[in-house]
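According to this note's numbering, the residues represented by the sequence shown are 741 to 1565, in order. By construction, the Cβ of each residue, glycine as well, lies at the ideal position given by its N, Cα and C atoms. Keep in mind it's a predicted model, so treat the numbers as computed, not measured.
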Amino acid sequence: MSDIQTLLSIPPENLRWKLDPRTLPFETTKELDPLTEIIGQDRALEAFRFGLGVRKEGYNVFVTGSSGTGRMTTVLKILQEMAGTEFIPDDLCYVYNFKNSESPHLLRFKAGMGRKFRDDIHSFVENLKKDVPMLFESEDYLTMKKEILEKYEEKGKQFFKDLDARVKEEGFAIVQVQIGQMTRPVVMPIVNDQPTPMEKLESIVERGEYPREKYDAIKNKHHQLTEQVDRIFMEIRDMQREVQKQLEEMDRYVFLKSVTNPTDELKKTYDNEKVHAYLDEMIQDMADNLNVLRMGPQQPMAAGVALPFTQGNPFLPYSVNLLVDNGDTETRPIIVENYPNFKNLFGTIERVVDRTGIWTTDFSRIHAGSLLKANGGFLVINLLDAILEPGVWQGLKRALKANCFEPQTFDPFYIFTTGGMAPEPIPLDLKVVVISNAYLYYLLNAYDEDTRKIFKVRADFANTMDTTEETIRRVGRYIRMKSDEDGLKPFDRTAVAGIIEEAVRMTGRKEKISTHLLSVGELLIEADFRAQQEGADIVSARHVEQAIRSRIYRSNLIEEQIQEMIDRGTLLIDTEGSVAGQINGLSVYMLGDYAFGKPTRITAVTSMGRGGVINIEREADLSGSTHNKGVLILSGYLRRKYAQKKPLSMTASIAFEQSYSGVDGDSASSTEIYAILSSLAECPLRQDLAVTGSVNQKGEVQAIGGVNEKIEGFFDCCRARKLTGTQGVLIPASNEQDLMLRPDVIEAVARGEFAIYRVHTVDQGIELLTGIPAGEPDAEGIYPEGTIHARVHDKLEQLAKGLKEFGEEEDEQKKDNTRDKCKSC
741 MSDIQTLLSI
751 PPENLRWKLD
761 PRTLPFETTK
771 ELDPLTEIIG
781 QDRALEAFRF
791 GLGVRKEGYN
801 VFVTGSSGTG
811 RMTTVLKILQ
821 EMAGTEFIPD
831 DLCYVYNFKN
841 SESPHLLRFK
851 AGMGRKFRDD
861 IHSFVENLKK
871 DVPMLFESED
881 YLTMKKEILE
891 KYEEKGKQFF
901 KDLDARVKEE
911 GFAIVQVQIG
921 QMTRPVVMPI
931 VNDQPTPMEK
941 LESIVERGEY
951 PREKYDAIKN
961 KHHQLTEQVD
971 RIFMEIRDMQ
981 REVQKQLEEM
991 DRYVFLKSVT
1001 NPTDELKKTY
1011 DNEKVHAYLD
1021 EMIQDMADNL
1031 NVLRMGPQQP
1041 MAAGVALPFT
1051 QGNPFLPYSV
1061 NLLVDNGDTE
1071 TRPIIVENYP
1081 NFKNLFGTIE
1091 RVVDRTGIWT
1101 TDFSRIHAGS
1111 LLKANGGFLV
1121 INLLDAILEP
1131 GVWQGLKRAL
1141 KANCFEPQTF
1151 DPFYIFTTGG
1161 MAPEPIPLDL
1171 KVVVISNAYL
1181 YYLLNAYDED
1191 TRKIFKVRAD
1201 FANTMDTTEE
1211 TIRRVGRYIR
1221 MKSDEDGLKP
1231 FDRTAVAGII
1241 EEAVRMTGRK
1251 EKISTHLLSV
1261 GELLIEADFR
1271 AQQEGADIVS
1281 ARHVEQAIRS
1291 RIYRSNLIEE
1301 QIQEMIDRGT
1311 LLIDTEGSVA
1321 GQINGLSVYM
1331 LGDYAFGKPT
1341 RITAVTSMGR
1351 GGVINIEREA
1361 DLSGSTHNKG
1371 VLILSGYLRR
1381 KYAQKKPLSM
1391 TASIAFEQSY
1401 SGVDGDSASS
1411 TEIYAILSSL
1421 AECPLRQDLA
1431 VTGSVNQKGE
1441 VQAIGGVNEK
1451 IEGFFDCCRA
1461 RKLTGTQGVL
1471 IPASNEQDLM
1481 LRPDVIEAVA
1491 RGEFAIYRVH
1501 TVDQGIELLT
1511 GIPAGEPDAE
1521 GIYPEGTIHA
1531 RVHDKLEQLA
1541 KGLKEFGEEE
1551 DEQKKDNTRD
1561 KCKSC
């Protein structure tokens, strides 16, 4: 191994952060207390408690963070802590508005009293159904009614008696004639001892069977008597109306007197002005519609068929719609709406079709949604679910900005809607917690100015937490808690150490542990399953390793197929020898929750020209913006290094060979520099080394992502072809602190079969790849002979001179051609 290899190689102990199980102060998790607090989210917890504690308008909470970091679990845990029992929200009821049926009244009661009020009103009405018919059949009532009717009948008889006597004196008689459904008294003359209608008498006169003079006298007298009869008949009808009015007033008096005591009892029980006003209006409406109560408890009928509730129930206005019942609520309500469509979140006003085919509704069909059920407490929704539902986000914003809510029906795709039901608005006093990822939060803030007004607090959940003794201890207690919750076997200290190491690997940083507790919980379940298969009573590190391998095996089909293509030569990758202008880059493939690395051949071809660096991927529309930026930075490095005293007269093309889907990221920019320098210096690059790392214009190699997957991907490729002991990977020195390599890679490094090199600059990398020093310039900027930079300088000078000479020859040829043309002219 050369001096630079020894200097830059990373020792095996630095390739992975390890937790010594012997440092854990327990044998199994059975000895630990289950975790009761939230770990690794101090910032989010402080913000969340602040938002819930401020009882001011707009201080709702926007929770952001990656899925699986325990956002929902944490939110529910804190809400349960803060719910308390000192305040239980009121019950909400809608009742009929007897003055305007389309605007139901809202009544509020202490928790549990709404249900009692509904039942009391129901009992009150049911009792009236039974008592009122009996009330109007009582002896006292019938006696009073009889007295009034007898007075009327006596007066009417006296009228008809006096009239009958006078009519007889004049030779007439009063005959009752049926006219439609009514009977009316008619005056008729007596002819031949028989009452004869005037029309018949007129026909007799025309036939000459009765004297006309006598007929004319009878006709005149008949007219006078008819007028008197009509006048008396009208007086009798007026008397009938007066009697009817007296009977109705008597009925009202009897009814109101009978309901005074039960109504007063209700008012004492519910000492509220709005309730009292409702009871008074209800009693007055009953008094105005006593026929409804006189029907008794039977269901009204139409054509022998019972009418539906809303179409034929005359007692509907006397019922109570208990919208929100908090009678069984012991703390402030916590409502998690997992399906926040408009109906579930805001409730609805149902519609029915009556017998005529018309859509109708009423106050009894108003139903509460999660927003009202959570009123006085907390509502939790997922932002992505909410914004995908029509009308939900707009409706939520309006309600929170106005601090009140008016139930309504939302049906934008329905052509025919019901009439304008406008229930009395309901004041809101609740905290809304919206859960989302950071991207949606920033997007919503950018395009919706109301977001900042109604969600003034953001609780951001971190993806990682510091690797400290306290954190490790809490993770152990978390494992104990999950074991109890899911019925898992105890985990020994080696299993806990393995799980924590895997959680550190998830973050890609040695000093951090992942807060993605969902993945940790899944690993616990899978390790427990492996222990069950072996019949072990305790989960150990062996079972954790089996679970990790099994998880990888279930997801790495594509990885194996790519490796097969490399093994059979379909994908051209060299792991031995040296080639100029060719190098092994490293790529990371993301397949859902699984990522793996594989080498990619990168080639560079340089030539005389003025084209600069040509990115073939960009020319083919296969390059992302970040990769394009990396190529431009690469060009800047070349100009800074080699074009200070002469123009950069070259054309270089760079390609990711056998790449047909797309390339992005700048982690190959250092790799591309090495390929170009190799091509210009005509120095072959080692193919048993793979390279990753971005670069700046000063030639400093910068950190990249996915370093573990990239190293392991090239290691697997080399192992498939047999490890030679010279193979390895060049990574940025700043990525050394991110290494959490697999144990098999570390073991190969320890045996000297594989190597990991940390590189700070391009100069260090090119020396490792070629075995030739990069070279340091002297005071005059001249590099030592034979170094990489000296060779590149020489080659660039040759290209510049050749380009100049070619240009001069071309110009001379053009002049000769011009002279020849002139001679021919």
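| Which runs of the alpha helix (DSSP H) fall wholly inside the stretch 1405–1493 and span at least 4 residues, in chain order? | Within the stretch 1405–1493, the complete alpha helix (DSSP H) runs of at least 4 residues are 1409–1421, 1447–1460 and 1483–1490.
| said: Buried or exposed for residue 765, going by 16 or more other Cβ atoms inside 10 Å? | reply: With fewer than 16 other Cβ atoms inside 10 Å of its own Cβ, residue 765 counts as exposed.
| field | the stretch 1355–1365 contacting the stretch 1322–1333, beta-carbon criterion three pairs below 8 angstroms | value | Three or more Cβ pairs closer than 8 angstroms define a contact, and the stretch 1355–1365 falls short of that threshold against the stretch 1322–1333.
| task | Alpha carbon to alpha carbon, how far is residue 1502 from residue 1424? Give it in angstroms, no decimals. | result | Looking at the two C-alpha atoms, the distance is approximately 16 angstroms.
| In terms of residues, what are the limits of the alpha helix (DSSP H) holding residue 1000? | Bounds of the alpha helix (DSSP H) holding residue 1000 are 952–1009.
| said: What does the Cβ neighbour count give for residue 849, buried or exposed, with the cut at 16 atoms within 10 Å? | reply: Buried.
| said: Can you tell me whether residue 1132 is helix, strand or coil according to DSSP? | reply: Of the three classes helix, strand and coil, the one that applies to residue 1132 here is helix, per DSSP.
| said: Let me check one thing: in DSSP terms, what residues is residue 1253 bridge-paired to? | reply: The secondary-structure analysis by DSSP pairs residue 1253 across a beta bridge with 1205.
| said: My output table needs one value for residue 1330: the three-state DSSP class, helix, strand or coil. | reply: When secondary structure is reduced to three states using DSSP, residue 1330 falls in the strand class.
| Per DSSP, what kind of secondary structure is residue 1234 in: helix, strand or coil? | When DSSP states are grouped into helix, strand and coil, residue 1234 belongs to the helix group.
| said: For a test of the three-state rule: what should DSSP assign to residue 1101, helix, strand or coil? | reply: Looking at residue 1101 - three-state DSSP - the assignment turns out to be coil, as it is neither helix nor strand.
| field | Assigned exposure category for residue 1024 - 16 Cβ within 10 Å defines buried | value | So residue 1024 counts as exposed.
| query | For the stretch 767–782 against the stretch 1221–1233, are there 3 or more C-beta pairs whose distance is under 8 angstroms? | reply | They touch, by the three-pair rule.
| message | I'd like to confirm the pairing. Which residues does DSSP put opposite residue 834 in its beta bridges? | response | Residue 834 has 846 and 1061 as its beta-bridge partners, per DSSP.
| task | Kindly indicate which residue of 1325, 861, 871 and 1466 has the alpha-carbon position closest to the one of residue 1573. | result | Lying outside 741 to 1565, the shown extent of the chain, residue 1573 is not represented and no answer is given.
| Cβ pair count under 8 angstroms reaching 3, the stretch 1466–1478 against the stretch 1236–1244 | With the rule of 3 Cβ pairs closer than 8 angstroms, the stretch 1466–1478 does not count as touching the stretch 1236–1244.
| Do three or more CB pairs link the stretch 1192–1200 to the stretch 798–813 at distances below 8 angstroms? | The stretch 1192–1200 vs the stretch 798–813: in contact.
| Whether residue 1497 touches residue 1429 by CB criterion (9 angstroms) | The Cβ-Cβ distance between residue 1497 and residue 1429 falls below 9 angstroms.
| If you run the structure through DSSP and keep just helix, strand and coil, what is residue 1377? | DSSP places residue 1377 in helix when its eight states are reduced to three.
| said: Among 1511, 1289 and 1005, whose alpha-carbon lies nearest the alpha-carbon of residue 742? | reply: Comparing Cα-Cα distances from residue 742 to each of 1511, 1289 and 1005, the minimum goes to 1511.
| Within this structure, are the beta carbons of residue 925 and residue 983 separated by less than 9 angstroms? | No. Outside cutoff.
| task | Go ahead and label residue 1255 buried or exposed: buried means 16 or more other beta carbons lie within 10 angstroms of its beta carbon, across all protein chains shown. | result | With at least 16 other beta carbons inside 10 angstroms of its own, residue 1255 counts as buried.
| Ends of the beta strand (DSSP E) at residue 1497? | Residue 1497 -> beta strand (DSSP E) spans 1495–1499.
| task | Could you have a look at residue 1081 and say whether DSSP puts it in helix, strand or coil? | result | Collapsing the DSSP output to three states places residue 1081 in coil.
| field | Meets three-Cβ-pair contact criterion under 8 angstroms: the stretch 1053–1061 and the stretch 829–844 | value | Counting Cβ pairs under 8 angstroms, three or more are found: they touch.
| query | Leaving out five residues before and five after residue 1034 in sequence, what residues of the same chain have Cβ atoms less than 7 angstroms from its Cβ? | reply | Excluding residues within five positions, the ones whose Cβ falls inside 7 angstroms are 872, 873 and 876.
| query | Taking the Cβ atom as the reference point for each residue, do residue 1349 and residue 1543 lie within a distance shorter than 9 angstroms? | reply | Their beta carbons are under 9 angstroms apart, which means residue 1349 touches residue 1543 by this criterion.
| field | Given residue 757 as reference, the closest of 1000, 1245 and 817 once Cα atoms are compared | value | When only C-alpha atoms are compared, the closest one is 1245.
| field | Own chain residues within Cβ distance below 7 angstroms of residue 822, not counting five before or after | value | Residues of the same chain with a CB within less than 7 angstroms of the CB of residue 822, apart from the 5 flanking positions on each side, are 792 in chain order.
| message | Using only the alpha-carbon positions, how far apart do residue 1004 and residue 882 sit? | response | Between residue 1004 and residue 882, the C-alpha separation is close to 27 angstroms.
| What is the DSSP secondary structure of residue 1150, counted as helix, strand or coil? | Coil.
| Buried or exposed: which applies to residue 1519, given that a residue is buried once 16 or more other Cβ atoms fall within 10 Å of its Cβ? | By the neighbour-count rule (16 or more Cβ atoms within 10 Å), residue 1519 is not buried but exposed.
| said: Here's the rule I'm using: 16 or more other beta-carbon atoms within 10 Å means buried, otherwise exposed. How should residue 682 be labelled? | reply: Outside the shown range of the chain, which is 741 to 1565, sits residue 682, and nothing can be said about it.
| message | Give me, in chain order, the residues of the same chain whose beta-carbon lies closer than 8 angstroms to that of residue 1108; leave out the 5 immediate sequence neighbours on both sides. | response | Same-chain partners within the cutoff: 832, 1063, 1064, 1087 and 1147.
| query | Can you tell me whether residue 1175 is buried or exposed, with buried defined as 16 or more other CB within 10 angstroms of its CB? | reply | Classification for residue 1175: buried.
| task | Pick out whichever of 1412, 1258, 1316 and 1450 has its Cα sitting closest to the Cα of residue 1339. | result | The candidate whose alpha carbon is nearest that of residue 1339 is 1450.
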